[in-house]
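In the numbering used here, the protein residues as written are 7 to 384.
Just so you know, even glycine gets a beta-carbon here, dropped at the ideal spot from N, CA and C.
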């Protein structure tokens, strides 16, 4: 069942990326979403998993309804759902229809905002991540919510370009709110998976902020951070899952000192944490630096400073976890732990190597992001 659902989830995501019209996009979007609901509740004997999945189902269904309603408005005005044709037809609409175009955009972006856990639509994510199996948490944070980000980037650049629809300021404020709430809440957590969930919300804020800048450099930084965060957060969730598998606890105080008993998992977690903390030489530093540079270049110095402050806050709680698992004295729970088996450790080693490679040799990834942005802006 697990692998069948995982294949359906991946099929849905691939379909979303390759869809050329809004109807096909919606069908694959729902396939991805339904698979996600079931996978979150995979440990259905635990009430926490069922409750989190039900909350995710209700909120995500509301978001899907908003997307469908927005697409219906667009179809009513243009007579087509083909993404490449919608923009040209909208641009030729009389001014009286502009308000309906804006309404369609708001509904679609709001619906996508639920999936990507953008504040104030974020409350399902901190419940879903701890309840789901760690590999699914890694998929949810690393890939599933990024699918919504990709859709947002694609639609806001191709269908609703900022030169016609002035959405940049509103999206920028939501991005600042998302990153700030995510980081502040993460700093307060004692559950390692809830901390990582709120960290994901904060990083979604960084990516949306990059989109809201509206420049080519901002889009490059945002798309690169989609990839970098996927790698680093998957590494963190899988390493955290290794700790939880050994200690049977998600509480940071109970797993204190565990890295001394599980050095490979501990080092892997540290690489992911250092990456998202913005340490040079690791992958997330490149994209975070690019986004902040793009904001300064666009004359958004105050907002760039706010993002920089958020990166510092993120570094503080990520490094706090590293300090807890390496430096603090072992507890009765952590002292009994042993390193995980090779099936768990191997993905950690691979993702750690990718994180270092993308940080040290970032040029090919920047070039790829640049080519994608060029395509989106055509």
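{"Check": "DSSP has residue 257 in a bridge; who is on the other side?", "Outcome": "197"}
{"Check": "In chain order, what residues of the same chain have a beta carbon less than 8 Å from the beta carbon of residue 239, not counting five sequence neighbours either side?", "Outcome": "144, 147, 148, 202, 205, 206, 209, 278, 282"}
{"Check": "Among 122, 248, 327, which residue has its Cα nearest to the Cα of residue 348?", "Outcome": "248"}
{"Check": "What number of angstroms, rounded off, separates the C-alpha of residue 51 from the C-alpha of residue 58?", "Outcome": "13 Å"}
{"Check": "State the CB to CB distance for the pair residue 372 and residue 226, rounded to an integer number of angstroms; the pair is presumed to be in contact (CB under 8 Å).", "Outcome": "7 Å"}
{"Check": "For the alpha helix (DSSP H) holding residue 129, just list the boundary residues, first then last.", "Outcome": "Looking at the DSSP string, residue 129 is not in any alpha helix (DSSP H), and its letter there is neither H nor E."}
{"Check": "Just to confirm, are residue 27 and residue 122 a CB contact at a threshold of 8 Å?", "Outcome": "no"}
{"Check": "State the DSSP-derived secondary structure class of residue 27, mapped to helix, strand or coil.", "Outcome": "strand"}
{"Check": "Helix, strand or coil, according to DSSP, for residue 88 in the structure here?", "Outcome": "strand"}
{"Check": "Measure from the alpha carbon of residue 69 to the alpha carbon of each residue in 126, 361, 194, then state which is nearest.", "Outcome": "126"}
{"Check": "For residue 321, which residues of its own chain have a beta-carbon under 7 Å away from its beta-carbon, when the five flanking residues on both sides are left out?", "Outcome": "283, 284"}
{"Check": "In whole angstroms, give me the CA-to-CA distance for residue 199 and residue 189.", "Outcome": "14 Å"}
{"Check": "Does the Cβ of residue 275 have 16 or more other Cβ atoms within 10 Å, making it buried, or fewer, making it exposed?", "Outcome": "buried"}
{"Check": "Mind checking residue 323: buried by the 16 CB within 10 Å criterion, or exposed?", "Outcome": "buried"}
{"Check": "So what's residue 36 in DSSP terms, helix, strand or just coil?", "Outcome": "helix"}
{"Check": "Is it a yes or a no for the region 79-98 touching the region 22-37, going by three-plus beta-carbon pairs under 8 Å?", "Outcome": "yes"}
{"Check": "Please tell me whether residue 72 and residue 117 are closer than 8 Å, where the distance is taken between their beta carbons.", "Outcome": "yes"}
{"Check": "Using DSSP with H/G/I as helix, E/B as strand and the rest coil, what is residue 345?", "Outcome": "coil"}
{"Check": "Is residue 49 helix, strand or coil when you go by DSSP?", "Outcome": "coil"}
{"Check": "Counting along the chain, where does the alpha helix (DSSP H) carrying residue 106 start and finish?", "Outcome": "104-121"}
{"Check": "Looking only at its own chain, which residues have a Cβ that is under 8 Å from the Cβ of residue 334, when we skip the five neighbours before and after it?", "Outcome": "262, 263"}
{"Check": "Output the distance between the C-alpha atoms of residue 178 and residue 366, rounded to the nearest integer angstrom.", "Outcome": "30 Å"}
{"Check": "Pop quiz: residue 184 and residue 22 are said to be a contact at Cβ under 8 Å. What is the actual Cβ separation, rounded to whole angstroms?", "Outcome": "No, residue 184 and residue 22 are not in contact; Cβ-Cβ is about 21 Å, not under 8 Å."}
{"Check": "Around the C-beta of residue 132, are 16 or more other C-beta atoms found within 10 angstroms, so that it is buried, or is it exposed?", "Outcome": "buried"}
{"Check": "Nearest to residue 290 by CA position, among 34, 229, 134, 130, is which residue?", "Outcome": "229"}
{"Check": "On the three-state DSSP scale, how would you describe residue 152?", "Outcome": "helix"}
{"Check": "Specify the secondary structure class of residue 283 as computed by DSSP and reduced to three states.", "Outcome": "coil"}
{"Check": "Roughly how many whole angstroms lie between the Cα atoms of residue 150 and residue 353?", "Outcome": "19 Å"}
{"Check": "Taking residue 332 as part of the alpha helix (DSSP H), name the residues at either end of that continuous run.", "Outcome": "307-332"}
{"Check": "When we look at the beta-carbon of residue 136 and count the other beta-carbons within 10 Å, is it buried (16 or more) or exposed?", "Outcome": "buried"}
{"Check": "From which residue to which residue does the alpha helix (DSSP H) around residue 265 run?", "Outcome": "Careful: residue 265 lies outside any alpha helix (DSSP H) and carries neither H nor E."}
{"Check": "Please report the residue range of the alpha helix (DSSP H) in which residue 295 lies.", "Outcome": "289-303"}
{"Check": "Mark residue 296 as exposed unless 16 or more other C-beta atoms lie within 10 angstroms of its C-beta, in which case mark it buried.", "Outcome": "buried"}
{"Check": "For residue 193, which residues from the same chain have a beta carbon less than 6 Å from its beta carbon, with the 5 sequence-adjacent residues on both sides left out?", "Outcome": "323"}
{"Check": "Could you check if residue 196 is buried or exposed, using at least 16 other CB atoms within 10 Å of its CB as the buried criterion?", "Outcome": "exposed"}
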